[in-house]
Every structure is written in C-alpha cells, then in structure tokens.
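So the structure is just underneath, and the comments pick up after that.
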Amino acid sequence: MTMRTSLNSWKALVLHAEDMKQQHMSDLFVTDEKRFDKFSIQLPTMLLDYSKNLLTPETMDKLIALAKECDVELWRDKMFSGERINRTEDRAVLHTALRNRDQHAMILDGENITEQVEETLEKMRTFSSNIREGHWKGYSGKRITDVVNIGVGGSNLGPQMVTEALKQYSDNSLNVHYVSNVDGTQIAEVLRPLNPENVLFIISSKTFTTTETMTNANTARQWLVSSSFDDKAVEHHFVAVSANKKNAVEFGIDPENIFDMWDWVGGRFSLWSAIGLPIALDLGFDKFIELLDGAFEIDCHFKQEPLHENAPVILALLSVWNCTFLGAQSQAILPYDQSLHMLSAYLQQAEMESNGKSVSWDGDEIPYATVPSIWGALGINGQHAFYQYLHQSNNIVPADFIGSIKSVTPVKGHHETLMANFFAQTQALMNGVDEQQVREDLKAKGRTADYINKVAPHKVHKGNRPTNTILMKRISPRTIGSLIALYEHKIFVQGIILQICSFDQWGVELGKGLANKIEVELRNGDINPAHDSSTKELMSYYQAMKNIGL
Ligand code: F6P
Numbered sequence: 357m358t359m360r361t362s363l364n365s366w367k368a369l370v371l372h373a374e375d376m377k378q379q380h381m382s383d384l385f386v387t388d389e390k391r392f393d394k395f396s397i398q399l400p401t402m403l404l405d406y407s408k409n410l411l412t413p414e415t416m417d418k419l420i421a422l423a424k425e426c427d428v429e430l431w432r433d434k435m436f437s438g439e440r441i442n443r444t445e446d447r448a449v450l451h452t453a454l455r456n457r458d459q460h461a462m463i464l465d466g467e468n469i470t471e472q473v474e475e476t477l478e479k480m481r482t483f484s485s486n487i488r489e490g491h492w493k494g495y496s497g498k499r500i501t502d503v504v505n506i507g508v509g510g511s512n513l514g515p516q517m518v519t520e521a522l523k524q525y526s527d528n529s530l531n532v533h534y535v536s537n538v539d540g541t542q543i544a545e546v547l548r549p550l551n552p553e554n555v556l557f558i559i560s561s562k563t564f565t566t567t568e569t570m571t572n573a574n575t576a577r578q579w580l581v582s583s584s585f586d587d588k589a590v591e592h593h594f595v596a597v598s599a600n601k602k603n604a605v606e607f608g609i610d611p612e613n614i615f616d617m618w619d620w621v622g623g624r625f626s627l628w629s630a631i632g633l634p635i636a637l638d639l640g641f642d643k644f645i646e647l648l649d650g651a652f653e654i655d656c657h658f659k660q661e662p663l664h665e666n667a668p669v670i671l672a673l674l675s676v677w678n679c680t681f682l683g684a685q686s687q688a689i690l691p692y693d694q695s696l697h698m699l700s701a702y703l704q705q706a707e708m709e710s711n712g713k714s715v716s717w718d719g720d721e722i723p724y725a726t727v728p729s730i731w732g733a734l735g736i737n738g739q740h741a742f743y744q745y746l747h748q749s750n751n752i753v754p755a756d757f758i759g760s761i762k763s764v765t766p767v768k769g770h771h772e773t774l775m776a777n778f779f780a781q782t783q784a785l786m787n788g789v790d791e792q793q794v795r796e797d798l799k800a801k802g803r804t805a806d807y808i809n810k811v812a813p814h815k816v817h818k819g820n821r822p823t824n825t826i827l828m829k830r831i832s833p834r835t836i837g838s839l840i841a842l843y844e845h846k847i848f849v850q851g852i853i854l855q856i857c858s859f860d861q862w863g864v865e866l867g868k869g870l871a872n873k874i875e876v877e878l879r880n881g882d883i884n885p886a887h888d889s890s891t892k893e894l895m896s897y898y899q900a901m902k903n904i905g906l
C-alpha cells in the first residue's frame, strides 16, 4: 500500500501548511466574518465550533480531499459492517453493535450479533434491578449496598468516567466504587469502611488474566472469605464481565453470573457492553440505555453525513492538521464542567492506546508525526496551574474546550462565571495581545516609561493557538453517550488517515512481560545478574532497604 505521504492531497497540504504558518487566526476572523457559520456543526446534543483553528476554506477542502484519498468512507463502512479491520489481531471492530438501538441485524461469522447483544442487555436489566431493589441477597441474607468494580484500563476508565460524569443522575440506591491500581492502598481504602455482607464485586476483565485485576480480585475474595468463613460466599458476592468464562468459573463465580464480552469489542471501547454494568447499577438500567441512545445518534451522524459536515471526521482532520502538518505535539482536553473531571484520563487511553504508534498497518515505519500526547484537567483548575504554558510557551498546544449550556447542579451565580472563563480563554488563545497593545494598556494605567519597557515583552501573548469548542446542552446520559462516541469515531478516522491499526495495543505488552519476570526475581530474592546495571542496582537497593525497616 502506498504511504500517505505520496498522496497528492498530502503533498498539497504540506505546501499549504507552510503558507498557513505565516497567517494569524485573528486576521482570518477580520477578513471573514462568516467563519463561525463556515466552521461549526450543530449536533442534536451539542455544538462544535472549530473556527478557532489556523485554517481557511481552502484548508478544509484540502483536508477533505485527503480524507477522500484515504477512503475514510469505505473504511467506516467496513467497520460498521463487521469486516476484520483490526488486522494485527484479525478481529472485527464492532463496539457500535453494542448500541445498535434500532436493533437491525448485524451478521458476523454467520451469526446475528444483535441478538447476543440484546440478550446480554436483558441480563443486565434483570440483574441491575435485582440488586438495586434488594432481591439479590448476600451470603448472610442481607441486601447489597455497595458495588466494587475491579478492573483496569478499558475495564475501568470508561465506566468510572461515566459514573463520575452522571453522579447527579444516581438515586444513590447503591454506592459504586472502583479499584484499578495494584497498589494495595487503593483496595484497602475502598474496603475499609465496607461490610462484606453488603458488598458485590464485579470482576471486569475481558481476558480474566490481567495481573493487576487478578491480584485485586484475589484480595477481595480473601477479604470476603475470611469474614464469612465460607468459600461458597463467593457466589453471592462476585460476578464477572469477561470473554474468558473458564477462568471466571475457576475463580468461583457462578456461570449464570458471568456477563459476556466478545473479541470484537476492544477494551477501550467497551463501556457500552456489560463492562458498563456498574453504570447500570448506579443509575438504573433505563439511564444506561439513554447513554447508548446518545452514542447511537452519533453513529448515525458519522455514517450518514457528508465528510465536510461530519463532526468526528472534522475533529480527526483537525488533529492531523495541527499535529502532523503544523507540528503540535500534544493536545489538551479542558472540560468546563465538573462532571467531566475524568474525561482527559479517559481520552488518554482512548486516543493514545489506539493511535500512539509509529508503524503502519502494513508494518512500515511511519515517516510523519502521528497522534499528540493527550493531557488535561478541569479548565478552571488548569487556568490556575498550566494555562500560563498554553498562552505563552514556545509549544503550541491545540485544545478542546468542553462546556455545558446548563449546569446539572445550578448554584446561583456560579455558571456565568464559569462560562465567562470558558469563552474568554479560547478568545485569548486565539487573539493574544501584541506589544503595541500591551504598551498602550500600561500607559493608560499611568505606568512609567521605564516600567513599560521592562514589563511589556513579558505581557505579550502571540495568540494563534488553536482550539475547538464543544458546547453541550447539559450533561445527561444521552449527551455523555454522544460525546464519547464523537471521540471514538474521531480516533477511528485519525487512525485511517495516519495508516495506523487503532485497535491493537502491542506497546502495553513489553512492560507487562518484563514485570512478570522481575516479580518472580523480587519474590525469590534472586536478581538476575544479566539486567543492565541501573535496573539491577535499583532492585538490589530495594531488596536491601525493604528488609531493614525505614
Ligand atoms: O492496557 C492494556 C489493556 O489490554 C487494555 O486495552 C484493556 O482495556 C486493559 O488492558 C484491561 O484488560 P482486561 O479487560 O483483559 O483485564
């Protein structure tokens, strides 16, 4: 397959980027009053404004030409129809089948997977109402009050991020907790106030082999058994979400209480499956369905809209434009809604585990920059921490600003202040302020010439920093579903344009394998002399020091 760099549209964009680097966004706004109309898209649950990027209509035409030359529509259709586009693992990529809300038949290997999905959803419905309404009893006959989800990566971040985002929609029938870290501090802290008689553990692991999850699951099991004095208690307090039934049953989980996962659902795209069970338990099953509805709306948009009006396609093209052609190396995710405080952590996995690669799907070295590193925090907190860097450092960091028109928790006087900052920041990042303006402002404040000469250079903001603004109506299961699906499809298109297999994660394996070997050495106190001197000495120091009591 030809490298993207040999495409005409790619070459045209390389040249065009050189021209655009000479432009300033603020001038583009002055010369074209219709930028917002041209570069914004209204979706059912949100508005996307991408006009504050360094682009013109010509740029967009060239980017759309690139999407066409890369056959984005063809690949999109392949994904939705269940072709095995996860080439390195030879799997279909069908997380969209999990939210196929019009329930059309989806045939994979001769089977209608819509039926399997609906069956699992039904099982989730029954199970979640049994737990929430207190019909399910623990080993001593008491109802469940607390749910502890044990999982890591995709088996944690999605459900936890959504649980946090939709906290205000919980009726608090249950307390839902998450344990992901193998650092014992986390599970110890979570379990400390709980009574084993009232706790349900969900072991969320597609493979049911992930070391961190299994270590936590065994600790939880031991905690329960040491209080109930009965191995049989495990059946009353543990359920699993896994594609590996055998291991889950061996762990002691009743086969009836194992929720299916399928190899056509990647971990980081799995919150729509039974991996989302803690969400259904927390909010009630109907709200979980609303989450799926919101995602389905974006699936339809992505499938049906022409490329130039297609929000995930536009977001992907902008990322490629900003990073690959204009040279940005990181991207900030900046929510101005407390509910979204875990969004950047979630998107880190979604985007970086998917597209943080440097080999093409044909196994060739990729000669261009692929995806940026994703980072961020709640906008207001960020303003008082790292926004200095966003405004004045030498590195340009494109940023997504995400806010809501209405707050789910209106508190008099707060939302306008929050949103004033939301609008001000993207304007400031775009316009900046030049030295002449700085000098005039200081002079108007009566500052001396000496002071102005000293301070003026420090107050210059070059601006020209790209941002997207996503303005949601209000946080709800539906809007959150749409927001996540928007980013999922963005990541998919990014992968197609960059020629990356977005659905494997080989980069996670190397460290895992080494850790397994090193763990044996640490446990046996037998450090392999073949390690490099740094690793060997660090391990020796650790072994020596841990035995002398610090
Ligand atoms: O981080 C690597 C990874 O394989 C993720 O893709 C996945 O979400 C996570 O580990 C957990 O895997 P599992 O659900 O099999 O425990």
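At position 434 of the sequence shown the residue is numbered 790 (our numbering), and the sequence of numbers has no breaks. C-beta atoms are modelled at their ideal positions from N, C-alpha and C, and glycine is treated no differently. Model, not experiment: these values are computed from the prediction.
Closest by C-alpha distance to residue i, when choosing among the options
i, options, result
"A755", "Q899, F594, R488 and L674", "L674"
"Y724", "L734, K713 and I730", "K713"
"D797", "D502, N787 and V816", "V816"
"V386", "K367, K408, L734 and V794", "K408"
"L633", "R443, D619, V595 and A667", "V595"
"S838", "P400, V370 and L369", "P400"
"I559", "Y525, E545 and G509", "G509"
"G608", "F564, V449, F757 and A373", "F564"
"G683", "N666, E665, D693 and P728", "P728"
"A780", "K768, I736, H814 and V794", "I736"
"M381", "Q459, H372 and R391", "R391"
"E445", "M517, C857 and S437", "C857"
"H770", "R821, Q694 and I840", "Q694"
"D433", "D642, F658 and H814", "F658"
CB contact flag (residue i, residue j, <7 angstroms)
i, j, result
"V597", "F615", "yes"
"L647", "P833", "yes"
"V503", "L550", "no"
"S484", "A636", "yes"
"E553", "G490", "no"
"V849", "P611", "no"
"M786", "G819", "yes"
"Q855", "S716", "yes"
Euclidean distance between Cα positions of residue i and residue j
i, j, result
"E709", "Q861", "6 angstroms"
"A453", "V473", "8 angstroms"
"V532", "T782", "36 angstroms"
"N751", "D383", "21 angstroms"
"L671", "A776", "24 angstroms"
"M462", "N468", "5 angstroms"
"L547", "A886", "40 angstroms"
"E606", "S529", "31 angstroms"
"D638", "F644", "9 angstroms"
"K562", "E893", "36 angstroms"
"L911", "G507", "Residue coverage of the chain in this structure runs from 357 to 906, which leaves residue 911 outside it and unanswerable."
"N574", "I874", "21 angstroms"
"M480", "I631", "10 angstroms"
"R447", "I441", "7 angstroms"
"G719", "M359", "11 angstroms"
One or two residues paired with residue i in a DSSP bridge
i, result
"D405", "S396 and T825"
"Y692", "G759"
"S598", "D616"
"S686", "S729"
"L522", "Answer is none; L522 lacks a bridge partner."
"D502", "N531 and V555"
"H380", "H380 is not bridged to any residue."
"L344", "What is shown of the chain runs 357 to 906, which leaves residue 344 out entirely."
"E721", "V715"
"R432", "DSSP output for R432 lists no bridge partner at all."
Heavy atom of ligand 1 within 6 angstroms of residue i beta-carbon
i, result
"F768", "The sequence given here has Lys at residue 768, not Phe. K768: no, Cβ never under 6 angstroms from ligand 1."
"Q524", "no"
"Q861", "yes"
"T563", "yes"
"T680", "no"
"V508", "yes"
"T569", "yes"
"V864", "yes"
"G514", "no"
"T575", "no"
"G305", "It is not possible to answer for residue 305, since the shown part of the chain is limited to 357 through 906."
"T482", "no"
"T566", "yes"
"G623", "yes"
Contact test: residue i Cβ vs ligand 3 heavy atom, cutoff 6 angstroms
i, result
"S511", "In terms of ligand content, the structure shown lacks ligand 3 and carries ligand 1 instead."
Interface flag, residue i vs chain B, CB-CB below 7 angstroms
i, result
"T575", "Included in the structure is just one protein chain, with no chain B present."
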